[in-house]
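The numbering of the sequence shown is full-length UniProt numbering, which starts it at 1 and goes up by one. Each residue gets a CB set at the ideal place from its N, CA and C atoms; glycine is no exception. Everything below concerns the one structure shown next.
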Amino acid sequence: MKGFVDKNICIGCGLCSSICPEVFEMDVDGLAKAKDIDLTDSLQDTAKEAESSCPVSAITIK
Ligand code: F3S
């Protein structure tokens, strides 16, 4: 599983990178991007927490 951010939806609130910095980081454009890494079980939990916390539902985990 990996994390994905839809930059067309992200408003750059930064919550995801605060909750799960191992997977999400803020890009130079001020929007989030997901690192291209396979999520371990423990990373999946925090990545899903970031997914459900995103105010505009820009994150998917699949
Ligand atoms: Fe963007 Fe949502 Fe993260 S708005 S910065 S993807 S929490």
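- Proximity annotation: the ligand F3S has residues Val-5, Cys-10, Ile-11, Gly-12, Cys-13, Gly-14, Leu-15, Cys-16, Ser-17, Phe-24, Met-26, Leu-31, Ala-32, Ala-50, Ser-53, Cys-54, Pro-55, Val-56, Ala-58, Ile-59 in chain order, each selected because its CB is closer than 7 Å to a heavy atom of the ligand.
- Taking the Cα of Glu-22 as reference, the smallest distance to any Cα among Cys-13, Ile-37, Ile-9, Thr-60 is reached at Ile-37.
- If you draw a 10 Å sphere on the C-beta of Ile-11, you find fewer than 16 other C-beta atoms in it, and that means exposed.
- Lys-7 sits close to Ala-32, with the two beta carbons spaced by under 9 Å.
- Residue pairing by DSSP puts Met-26 in a beta bridge opposite Ala-32.
- Residue environment analysis places Ile-59 among the buried positions, since at least 16 neighbouring C-beta atoms fall within 10 angstroms of its C-beta.
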